[in-house]
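Heads up: the structure comes next, in structure tokens.
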Amino acid sequence: MEIPYTFEERRDTGLTNGKIGIWLFLASEVMLFGALFASYILIRVGAPSWPRGDTILDVPMATFNTIVLIGSSVTMVMAWASLMRRQFGKFRIYMGATVLLGGVFLVVKYFEYGHHLHLGEYPRTNNFLAVYYTLTGLHMLHVIGGMAVNAYFWGPGAKLYKTNPVWFTNRVEHSGLFWHFVDLVWIFLFPTLYLL
Amino acid sequence: MASDHAHATTSDHAAHDPAEIDRHVRVYITVFVALMALTLITVAVSYLDLSTPMAVAVALFIATIKGSLVACYFMHLISEKKLIYAVLGITVFKFVALMLLPALTHSNGYWIPEEHPVPAATAPSPHQ
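Which chain is which? The protein sequence lines are A and B, in order. Numbering of the first sequence is given in my numbering, commencing with residue 59 and proceeding in unit increments. Numbering of the second sequence is given in my numbering, commencing with residue 50 and proceeding in unit increments.
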């Protein structure tokens, strides 16, 4: 059975099913991270004292990761723009760069976690570290998920471009929306955890 | 199913002309530069000797501007369809309620104030 409205838009909504689907998913993601942020505020405000993030965490490393993630958002949107121009070669370059930058983010995170674990700073050590590992860990899982989808569209999933370039462009746009959301979450995590 | 397709229009993505995409790309580059600058400002402000409430306010203000730039331009929310705005409107309402939960909980006296310590008489005797 053919899936409806994959590349053509419904007249009543002006949207494809994929577009509605990804936004509903992102809405649920907002609530997931929102619940954790609210918990963080509760724990922090209720604590007799709370350390500033920069006294425990590595700010230059996190600043570098912020720049990497924002850069990956730009390459992601350029990958989509390349498909809109029907320049598949450029799409491959930009999408490859997006996946690569996601990898750089994870490598930096690996060293960051490794440093803290080496010092014996575990989630059970104190509330600050529990919040830090929970929020950044969940975010990191999203980075890995986004990278997997983007890598699929860079590699085997790109076959669709030959048969239906509009549908493929839509799919890349939807994976891009998720990737930008991951960037957006980090934009709030960075100051609240590392700088305040 | 075939009749459903008859009521559909082809994605407007296919109708975009190269000049419009070029304009989009210029906007993406401008937003990227703005995001970089705002990131550096966020870090620079954290080195100022601001009080905690002021530091939180400034950091969240800058993060909100950055988040809005990503949402509006990279996620194309600046020119999205009504149904998406409706979904996000409900999400924002519930998100704000979530963020207000800590404040509401606090005003209900959820936490035991420090000036009311647990009476010593309730402490278990070492001989028990």
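For glycine and all other residues, C-beta sits at the position ideal for the given N, C-alpha and C. Given the structure is predicted, the values throughout are model-derived calculations rather than measurements.
Only counting the same chain, and skipping five residues up and downstream in sequence, which positions put a Cβ closer than 6 Å to that of residue i?
| i | result |
| --- | --- |
| THR227/A | LEU141 |
| SER191/A | According to the sequence shown, residue 191/A is Tyr rather than Ser. Excluding residues within five positions, the ones whose Cβ falls inside 6 Å are PRO181. |
| PHE236/A | GLY204 |
| VAL162/A | VAL126 |
| LYS167/A | MET198 |
| LEU126/B | ALA120 |
| GLU179/A | LEU187 |
| THR183/A | none |
Using the C-alpha atoms, what's the distance from residue j back to residue i?
| i | j | result |
| --- | --- | --- |
| GLY76/A | SER130/A | 22 Å |
| TYR63/A | ARG69/A | 10 Å |
| LEU149/B | VAL103/A | 13 Å |
| LEU159/A | ASP71/B | 24 Å |
| GLY92/A | ALA135/B | 19 Å |
| GLY116/B | MET124/B | 10 Å |
| ALA105/A | TRP244/A | 24 Å |
| HIS73/B | LYS131/B | 21 Å |
| LEU97/B | MET119/A | 20 Å |
| SER107/A | LYS143/B | 29 Å |
| SER128/B | MET59/A | 33 Å |
| ALA68/B | GLY172/A | 48 Å |
| ALA51/B | THR221/A | Its pLDDT being 38, under 50, ALA51/B is placed unreliably in this model, and the coordinates cannot settle the point. |
| LEU118/B | ILE128/A | 11 Å |
| HIS174/A | LEU153/B | 35 Å |
| THR113/A | HIS176/A | 17 Å |
| ILE61/A | VAL145/B | 36 Å |
| ASP66/B | PHE110/B | 36 Å |
Report yes if the C-beta distance between residue i and residue j is below 9 Å; otherwise report no.
| i | j | result |
| --- | --- | --- |
| ALA155/A | TYR77/B | no |
| LEU218/A | TRP212/A | no |
| LEU115/A | GLU170/A | yes |
| VAL201/A | VAL240/A | yes |
| ALA93/B | PHE246/A | no |
| ALA104/B | LEU253/A | yes |
| PRO102/B | ILE99/A | no |
| VAL135/A | GLY234/A | yes |
| ALA85/A | LEU147/B | no |
| HIS238/A | ALA86/B | no |
| PHE65/A | THR74/A | yes |
| LEU94/A | LEU196/A | yes |
| TRP81/A | ILE133/B | yes |
| ALA216/A | ARG150/A | yes |
Quick one: measure Cβ to Cβ for residue i and residue j, integer angstroms, because I've assumed they're closer than 8 Å.
| i | j | result |
| --- | --- | --- |
| TYR152/A | THR133/A | 5 Å |
| LEU193/A | LEU242/A | With a Cβ gap of about 14 Å, LEU193/A and LEU242/A do not count as contacting. |
| VAL117/A | THR140/B | With 8 Å as the limit, VAL117/A and THR140/B do not qualify as a contact, their Cβ atoms being about 31 Å apart. |
| ALA108/B | PRO214/A | So it is not a contact: roughly 42 Å between Cβ atoms. |
| VAL189/A | ILE101/A | 6 Å |
| VAL207/A | ALA137/A | Actually they do not touch by this definition, with Cβ atoms about 12 Å apart. |
| PRO223/A | ARG110/A | About 50 Å separates the two Cβ atoms, so there is no contact after all. |
Take residue i and list the residues in its own chain whose beta-carbon comes closer than 8 Å to its own, dropping the five residues that flank it on each side.
| i | result |
| --- | --- |
| TYR122/B | VAL76, TYR77 and VAL80 |
| GLY79/A | HIS232 |
| SER95/B | ALA104 and ALA108 |
| LEU99/B | VAL107 |
Who are the Cβ neighbours of residue i in its own chain at under 7 Å, not counting the five residues just before and after it?
| i | result |
| --- | --- |
| GLY138/B | none |
| PHE146/A | TYR219 |
| LEU90/A | none |
| PHE122/A | VAL166 |
| THR114/B | Checking the displayed sequence, the identity of residue 114/B turns out to be Ile instead of Thr. Around ILE114/B: LEU87. |
| LYS148/A | SER140 |
| ASN185/A | ILE101 and ALA105 |
Taking Cβ-Cβ distances below 7 Å as the criterion, which residues of the segment 88–105 of chain B are in contact with chain A?
Here the close residues are THR88, THR91, VAL92, SER95, ALA104 and VAL105.
Chain B contacts made by the segment 136–165 of chain A, where a contact means CB separation under 8 Å
Residues passing the 8 Å Cβ filter: MET136, ALA139, MET142 and ARG143.
Selection of the segment 97–127 of chain A by Cβ proximity to chain B, strictly under 8 Å
From the segment 97–127 of chain A, only ILE99, LEU100, VAL103, GLY104, PRO106, ASP112, VAL117, THR121, THR124 and ILE125 have a Cβ closer than 8 Å to chain B.
Please list, in chain order, the residues of the segment 232–249 of chain A that have any C-beta partner in chain B closer than 7 Å.
The segment 232–249 of chain A vs chain B, Cβ under 7 Å: LEU235, HIS238, ASP241, LEU242, ILE245, PHE246 and PRO249.
Near-chain B residues of the segment 65–84 of chain A (beta-carbon distance less than 9 Å), N- to C-terminal order:
Going along the segment 65–84 of chain A in chain order, one finds PHE65, GLU66, GLU67, ARG68, ARG69, ASP70, THR71, GLY72, LEU73, THR74, LYS77, ILE78, TRP81, LEU82 and LEU84 with a Cβ nearer than 9 Å to chain B.
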